[in-house]
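Asks: Sharing a structure below in structure tokens format, with a few things to ask.
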Amino acid sequence: MSAPGMSTPGMSTPDLSTPSLRIGIDIGGTFTDFVAVDDRSGRIFTEKVLTTPHDPAEAVLRGLDLMFAAHGFEASTIAAVIHGTTLVANALIERKGAVTALVTTAGFRDALEIRREWRYDAYDLFFTLPAPLVPRRLRFEVPERLGADGSLVVPFDTTAAERVAEQLRAAGIEAVAVCFLHAYRDGAHEARMREVLGRIAPGLPVSLSHEVAPERGEFERASTTAANAYVQPLFRRYLGRLDESLGARGIGREMLMMLSDGGVIGARAAAGQPVRLVQSGPAGGAQATALIGRLAGAELVFGFDMGGTTAKSCLIEHGQPMRTTDFEVARQHRFKRGSGLPLKVPVVDMIEIGAGGGSIARLSGTGLIEVGPASAGADPGPACYSRGGSEPTVTDCDLVLGLIDAGRFLGGDMALDIAAARAAIETRLARPLGLSVEAAAVGVFETVTENMAQSAAIHAIERGRRIADAVMVPIGGAGPVHAAAIARRLGVRRVVCPLGAGVASALGFLAAPVSFAVVRDDLAPLSGSERPRWNRLVAAMQAEAMAPLAQSGIAAADAGTRIEAHLRYRGQGHEIAVEVPGAWLAGDGEMAAASLGCAFADTYRALYGRVETVPVEITSWRVVVSGPLPRVVPQLPAGHARGDGALRGRRPVWFAEARGFVDTPVFDRYALGPGWQAEGPAVVEERESTAIAPPGARLAVDSALNLVIELAS
Amino acid sequence: MSSGPALSPVQVGLVWKRLLGLMDEVAQAFVRVAFSAVIRENWDMAMALIDRQGRQFAQSSRSVPSFIGTLSQTARALLAEFPAEALAPGDVLATNDSWIGSGHLNDITLLRPIFRDGRLLCFVGSVFHSVDIGGAPSPHARDAFEEGLTIPPVKLYRAGEENRDAIAFIAANLRAPEETLGDIRAQLAAFTVAERRLLAMLAEEGIADLDAVVAEVLDRSERSLRAAIAALPPGRYSDELTADGYDKPFTIRCTLTVGAGGVEVDFAGTSPQIERPINSVLNYTAAWCAYAVKCALDPAVPNNDGAFRAVTVRAPEGSILNARRAAPVWARHLAGHYVPAAIFGALAKVAPERVVADCAAPIWTAYFRGQQPDGRAFVRMVFLTGGHGARMGSDGPSCVSFPSNIAAAPVEELEASAPLRVREKALRPGSGGAGRFRGGLGQRVAIESLSDTPVMMTIRHERVLYPPRGMLGGGDGAAGRNMLNGADLPAKTQVALKRGDVVAFETPGGGGLLPVAGRDPAAVAADAAEGYAPAGKDAPA
């Protein structure tokens, strides 16, 4: 199935002389999405097939075959295949990885299990913690020790290490993680452990903590390293199979993989650190959002991705998704931080802020409306799907409020039953509350809006940004339905809805540069005398990040570097990131320190309304080396109308601004060309989603076919 | 007192949700800019909104439960000294008085009014732990005056201006004032965020004040907890437990009366206070009562003043759970942390499926102070958690904080910030109480001093003589143990560590639930394979 308005079969024949097609492939839990872009024309082609969990390569080949047949592609025209997958996340969630061992400093093999010792829910006596990826019987210790400053305390005990390696070999281990204390300062002992393992148990994949996650904090580092080891064998097999399949279709080039931080890297380079792919698909969504933000000229973008089961938020600044190394996978409780496995890898900083259109609304013990975290999912789904769902969901309420149309859901492929939605709301919410069905639906809509707005606001403040300054870009089926209401609560003025949000992740793969990030802990006072050392440190990090780029075919001359320092007042425990122009480190030391200090103070004051008189220190550095940013400009599909006749009809739609229903025109998105304008209220429908603009808003379609909604102040 | 039209349940729910989210934001802001490890690594703090009558109605989700439980009382005491009518924007009230606050001097409560259009709207308040409060806190203190500086109710900021006299007074009495004062200023930053967001929220919601919302929120919370209580068979349920105590064991006797009036907790028969700092003040005792009742009966109800209304607490004046003024209280958790166990023990008689066997509570903390290599003073608290009690249906998790909810700092962070080296941090095999459901394991932590100058180490640990109890036929968890260079150390002591001295702690395991004969053979085999194997009652301590 191809998204209307995006693919343009038969419009012109691609020039076959030089490869110019890049194909993004996103293997999700349900669908495998394809987006191809012809870099010469900018034209975009899409495809969607069901995922084949037993052998994901099968769906990849099927989709490629369909695309090749539909659009006359040939293997020789393919310049790149960029791939993202849920494989790594799923292996961790479903515990389908390798039999993994962990080797630690003597005395610390239980750090992986003892964790950080707080309860993620202070009031739940029955909380459970996730079992460690490596069970206790497979955790081994070797005498060795560094001090907190990296100094040698106990030499690496080679004989003991050899004994451990023998035991590992005998135990039928498939992968090994090594995490020694303070290895983020100096990885020499871990490297020696790898040598010993290579000698005694050759062929066993080894993950070292100072390579996978060189950050302070033994539990989080061990958790990350263990996860990397745990998924590595599986990931290698998978890559091999995929490579083979593509080779069979004549696609000989090395695949590029989408990393969790929004960069892409060659498959061979990625295979060393598969844990960096844990957020592969969502990172693609963030890159798609970033692309739209760049096209719209937005400095700060609030990316909002709401589908059937989940809603996520991310921030994009100056065209780049914000990153973090604070990530958690496989939570026991979806929205409870601390209930999962922490992974200290560079990821697009994306948080789950709600549970999507399938979230169930119920009355709490205090007799008030609560939405989620329980979800009706796709089966039975919302009551209006008529598949046996009897509990009211967000989608049911959207339907009752006129936000979506019963007859045009998924382009009319799936009729919704409004009577069933009303009945569910009536029974479970309206009657107990003594409200009308509409008032109860409003309650659900407002509650879910508030939940998401609140989480997004907290997310932004945690990152030191004001979300009200952002442009909002909604993707996902339910994103544009809820975007304007959330924007209003957050004080966001502008909502930019891209065309074809349903395949946004795969599109994002094509917009992502080849890129690799390196993070290093390095505590030092903010002092000019440190400048030469910082310069050396950053240069070394740059070289380290460049290596996988070179492996992925990027020349050093084409690579750009972004340097970030993390600063705080001495004594604090959290940092504020400041971007550091390379010139600062190359120039005068006092100037460098002063510039950094000013940038830090400006951000601090904006956030907290004050500055302190305490010395400032730098705690860590982050260096990202990137190849050129691919140019993707969605082009106008053929046969596009120019705005006339786009009006499909009118229907009553509920708006908070009007505190009631308003008779609202409904437009066909595919009939709206650049330059089209209207005033809210308005509904704009496309196949996979509906955008809602409230009264007082102004709507316009820009040259990149984005629907731009400007909210009234 | 309310203004405007009645609120719909939808709007109440919405505003309430926004208030809770707002407080999470405020807490986050505080932790981000805090100067002490005990805030940023351990989150030993609470943030809340309090109405004009001193009732706490919205709190950050990661607030320490005991602080939430005492904050209303403290706010009311502060407002008795500084009447609300006389407060100005930018004023900040403070106190750490143990009988007004949360039971020991280390917890400082701050309260700042928020005004809207010149009218007092509510207060934002916080309680935070300051590791250093001056004085010579020790397990041997005979009265409260030895335990450090008391800050009586004081206006720390006047209309936004620092009260220099008060600040100087505090600074002069602390060893590491930059941490404590830094944390106070960090809270001012957080309060700014609270005010900004609250006023914006009211404008967006179009409501003039919070009175109607607060009344609804408190009433609904109260009704929810009362409904949960009403589901229990009315009656009197008791428990009694023996604790190590300072030089001789003490007894906590607890009787729950469940009836139409809610739950009445009576500690009649509990041992008298002693001249050592393990006494709990009534504020603190009551906070843990409310916490335990809520956990067992209605864990989802918000932890606010309304939920506390259904729980009344009585403890004989002069008892170890209601100490009279000037009794030493520094380690008041040594009595107070037993309160949930006593309440769960009583509830086990009527609702065993809602409670847990004894956890490794009171929480262990080793307190170190000395000099950094550069001569600066350091004070550092190391939290040492033990096993959680077994629950109906599942083993107790190992090494978690209970009943307080304090995160442990990474070993690598501790070593980078104090002249200490952790030699070992490992699970304690066999320490979980046996049972169909096993208690969680304790841990063994060994710490070496690297300092050329003496490091004063203070511990005040419980459950060394009387281990966490099993429930309904389950085995006890292993008792705790403290050592210096391999030799046993008293559980309440203060020692000067020389360079190279190693202290080791073995924290208690959680109690088991139901007789071990009923344990799933697969679970028995797994315990053996992983080296968790449970200890029976006779296990070596």
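Here the protein sequences line up with chains Y and Z, keeping their order.
Here the first sequence stands for residues 335 to 1047, where the numbers follow our numbering.
Here the second sequence stands for residues 1382 to 1922, where the numbers follow our numbering.
All residues carry an ideal CB built from backbone N, CA and C; glycine is no exception.
#1: Check each residue of the stretch 677-700 of chain Y: if its Cβ is closer than 8 Å to any Cβ of chain Z, include it; give the result in chain order.
#2: Could I get the ranges of all uninterrupted beta strand (DSSP E) runs contained in the stretch 1414-1464 of chain Z, with 3 residues as the minimum, in chain order?
#3: Does the CB of Ser1775/Z have a neighbour CB from chain Y at under 8 Å?
#4: Whole angstroms is fine: what's the gap from Asn1660/Z's alpha carbon to Phe1448/Z's?
#5: Do the stretch 692-702 of chain Y and the stretch 792-807 of chain Y make contact, defined as three or more Cβ pairs closer than 8 Å?
#6: Tell me, please, whether the CB atom of Ala1906/Z is closer than 8 Å to any CB atom in chain Y?
#7: From this set, Asn1685/Z, Ala1525/Z, Thr1623/Z, which residue's C-alpha is nearest Val1595/Z's C-alpha?
#8: Can you pull the chain Y residues whose beta carbon is under 9 Å from the beta carbon of Ser1605/Z, in chain order?
#9: Which one or two residues does DSSP pair with Pro859/Y in a beta bridge?
#10: Just the chain Z side, please: which residues come within less than 9 Å of Gln788/Y by C-beta, in chain order?
#11: Under 8 Å between C-beta atoms, does Phe1416/Z make it to chain Y?
#12: Over what stretch of residues does the alpha helix (DSSP H) that includes Arg1690/Z continue unbroken?
#13: Can you tell me whether Arg1705/Z is buried or exposed, with buried defined as 16 or more other CB within 10 angstroms of its CB?
#14: Report the neighbours of Thr462/Y on chain Z: residues whose CB is nearer than 8 Å to its CB, in chain order.
#15: Please report how far the alpha carbon of Trp1711/Z lies from the alpha carbon of Ser1779/Z, in whole angstroms.
#16: Name the chain Y residues that come within less than 8 Å of Leu1824/Z, Cβ to Cβ?
#17: Would DSSP call Arg1399/Z helix, strand or coil?
#18: Between which two residues does the alpha helix (DSSP H) harbouring Tyr518/Y extend?
#19: So, is the C-beta of Arg1413/Z closer than 8 Å to a C-beta in chain Y?
#20: Hey, would you say the C-beta of Leu355/Y is under 7 Å away from at least one heavy atom of the ligand SAM?
#21: Start and end of the beta strand (DSSP E) containing Val1012/Y?
#22: Which of helix, strand or coil does DSSP assign to Ile820/Y?
#23: Would you tell me roughly how many angstroms separate the C-alpha atoms of Gly813/Y and Ala645/Y, rounded to the nearest one?
#24: Between Gly631/Y, Ala757/Y, Glu991/Y, Leu446/Y, which has its C-alpha nearest Arg470/Y's C-alpha?
#25: In this structure, what does DSSP give as the bridge partners for Pro999/Y?
#26: Determine the contact status of Leu1822/Z and Gly1867/Z, defining contact as a CB-CB distance below 8 Å.
#27: Starting from Cys1740/Z, trace the beta strand (DSSP E) in both directions and tell me its first and last residue.
#28: Could I get the ranges of all uninterrupted beta strand (DSSP E) runs contained in the stretch 533-575 of chain Y, with 3 residues as the minimum, in chain order?
#29: Would you call the CB atoms of Gly842/Y and Ile888/Y closer than 8 Å?
#30: Cutting at 6 Å between CB atoms, please list the residues of its own chain near Arg1750/Z, excluding the five before and the five after it.
#31: Rank Ala740/Y, Gly746/Y, Gly768/Y by C-alpha distance to the C-alpha of Ala317/Y and give the top, closest one.
#32: Please check if any C-beta of chain Y sits within less than 8 Å of the C-beta of Thr1451/Z.
#33: Give me the Cα-Cα distance between Ala1904/Z and Met1852/Z, rounded to the nearest whole angstrom.
#34: Taking the alpha-carbon positions, what's the Glu704/Y to Gln788/Y distance?
#35: Step through the CB atoms of chain Z and report whether any lies within less than 8 Å of the CB of Gln906/Y.
#36: Given a threshold of 16 other Cβ atoms within 10 Å of its Cβ, counted over all protein chains shown, does Gly973/Y qualify as buried or as exposed?
Replies: Quick answer:
#1: Ser698, Gly699, Thr700
#2: 1426-1431, 1437-1440
#3: Flagged as an interface residue toward chain Y: Ser1775/Z, by a C-beta distance shorter than 8 Å.
#4: 17 Å
#5: no
#6: So, not an interface residue.
#7: Closest by alpha carbon: Asn1685/Z.
#8: Ser698, Gly699, Thr700, Gly701
#9: Glu951/Y
#10: Lys1398, Arg1399, Leu1401, Gly1402, Leu1403, Asp1405, Glu1406
#11: yes
#12: 1686-1690 is the span of the alpha helix (DSSP H), which, as asked, contains Arg1690/Z.
#13: exposed
#14: Ser1775, Pro1778
#15: 27 Å
#16: Sequence inspection shows Gln at residue 1824/Z; the Leu mentioned does not correspond to that position. Within chain Y, the residues near Gln1824/Z are Asp444, Ile448.
#17: helix
#18: Here Tyr518/Y belongs to no alpha helix (DSSP H), and DSSP marks it neither H nor E.
#19: yes
#20: The model depicted lacks the ligand SAM and carries no ligand whatsoever.
#21: Per the sequence presented here, residue 1012/Y reads as Ala, with Val not at that position. Unbroken beta strand (DSSP E) run through Ala1012/Y: 1011-1013.
#22: helix
#23: Rounded to whole angstroms, Gly813/Y and Ala645/Y show a C-alpha spacing of 8 Å.
#24: Leu446/Y
#25: Arg984/Y
#26: no
#27: For Cys1740/Z, no beta strand (DSSP E) encloses it, and the DSSP letter there is neither H nor E.
#28: 540-542
#29: no
#30: Val1760, Met1837
#31: Only positions 335 to 1047 of chain Y appear in the structure, and residue 317/Y is not among them; the question remains open.
#32: Not one beta carbon of chain Y lies nearer than 8 Å to the beta carbon of Thr1451/Z.
#33: 19 Å
#34: 14 Å
#35: Closer than 8 Å: yes.
#36: Per-residue confidence for Gly973/Y stands at a pLDDT of 45, beneath the threshold of 50, marking its modelled position as unreliable; no derived number is given.
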